[in-house]
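Everything below concerns the one structure shown next.
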Amino acid sequence: MERQKRVAAIHDISGFGRCSLTVALPIISAAGIETCVIPTAVLSTHTGGFTGYTFRDFTDEILPIARHWRSLGIEFDAIYTGYVGSVRQLEILCEVFGMFRTEDNLIVVDPVMADHGQLYKSFTRDFPAKMRKLAEQADIIVPNITEAVLLLEKPYMEGPYTREYIESLLKDLSQIAPRVVLTGVHFDDLELGAAAYDADSAEISYAFSHRIDGFYHGTGDVFGSALVAALVKGFSLADAIRVAVDFTVGSIERTKKAGTDVRYGVNFEEGLGKLAEQLCHNAPEKLNQKSSLAY
Ligand code: PXL
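First residue of the sequence shown? That's 155 in this note's numbering, and the numbers climb one at a time after it.
This is the structure in C-alpha cells:
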C-alpha cells in the first residue's frame, strides 16, 4: 500500500468566516492526506469586512514548532502557505521552507495580499516585494491577477483579458516560481477560472466555469486547498486546476442559493464527500479534463 501523504499547512486560524486553516485542514484531510498545521495567528474572524475582531499573534511560535518537528524527523510531501500577517513572518517562513525542502516535495505559496486591484488594508506598500522573496522559494505559486501584477510590479488592468495578456503574465510569473496557477482569469463576462503554466514542459492549461456574480470571502483558500490536495494525490497541474475550479464553484453556488452573508465564507463542507471520492478513489489518469463534476 502506498504511504499516506502528509502536508504542512501554515496559515492563520480565523475562528469564524471559513478561510485559511479552517478551510485548508478539512479540505486537504478529506483527500486522505495527513494535514499538520502551524497557526501563524488566531483571530476571531478574518479581516475582510468585519470590524472589532480579536487578533493573537503566533509569530514567535512558528520556528519552535518547526524545529520540534525537524527534531522528530518529520517530512512533508507539501508545505502550503497562504495569508501571512507580517514581513517578519515572511522571513520566518523562508527559514521553515529551508528546513523541510526535499528533492521531490512541493512548496506551494499562495501570495494572499490583494484582490480587485487593491492591496488589502492590513498590508503596507512594501509587502508585495517581500512576498515576492517568499514566492521565489516556492515550487508553485497561486496568485490572483491583482497579486500577480503586484509581484511583478506591473499596473493592474480590469478584465476581460486577452489570451496573450494572461500567457505573458504566466511566463513572467514563472521567473518567480517554475509552476504558476493564476486565478480570476476571464476572457469574457460569462466564464471565470484559472490558468496554469509549467515552465519545464512549457505547457499552459485552463479550467473555466460559468461566472457567479458577487464576491465571496475565502474562495481563494478553498481553491488553493483543493489544488494542493489534488497535486499531492498525483493529479497533473491541468487536472488539479479543473478539480479546484469545480470544487470552488460548487461551494459558491450552494452559498449563493442559501443567501448567506458573503463575509461568512462559502459552503465547501457539503462538497467534501464528492471531493474525497474523486481524490481518494479516482486514478489521476482517469479524470476527464473536460468534465465538470457537480460538487
Ligand atoms: O482568505 C484570506 C485571509 C486569511 N486570513 C485572514 C484574512 C484573509 C483575507 O482577508 O483576513 C486573517
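C-beta: ideal position from N, C-alpha, C; glycine also.
Exclusion of the five residues before and after F209 leaves A195, L197 as the residues of its chain whose Cβ lies within less than 7 Å of its Cβ.
Under the DSSP assignment, V397 falls in the alpha helix (DSSP H) whose first and last residues are 391–412. Along the length of the stretch 179–257, whole alpha helix (DSSP H) runs at least 4 residues long occupy 213–225, 241–254, reported in chain order.
Residue pairing of I164 in beta bridges, as defined by DSSP: I192, T235. CA-to-CA, the gap between E423 and G236 works out to about 20 Å.
What you get when you keep residues with a C-beta closer than 6 Å to any heavy atom of ligand 1 is D166, S168, C173, S174, L197, H200, T201, G202, Y237, V266, Y274, G372, G374, D375.
Comparing alpha carbon positions, the residue from Y351, T373, V399 closest to H200 is T373. For Y370 and H165, the gap between their C-alpha atoms comes out near 19 Å. The beta carbons of Y351 and L324 sit about 4 Å from each other, so the pair counts as a contact at 8 Å. The beta-carbon separation of L346 and I330, rounded to 23 Å, does not stay under the 8 Å limit for a contact. In this structure, E357 is the residue among E357, T409, G413, Q158 with its C-alpha nearest to the C-alpha of A392.
By the 16-neighbour rule on beta-carbons within 10 angstroms, Y315 is buried. The residues K159, R160, V161, I187, N259, L260, V386, in chain order, have a CB closer than 8 Å to that of D231 in the same chain once the five nearest residues on each side in sequence are set aside. Per the coordinates, the alpha-carbon of I246 lies some 17 Å from the alpha-carbon of M267.
Counting only runs of 4 or more residues that sit fully inside the stretch 271–356, the alpha helix (DSSP H) segments are 281–289, 299–306, 317–327, in chain order. Look at the beta carbons and you see the stretch 397–408 touching the stretch 374–384: at least three pairs across the two are nearer than 8 Å.
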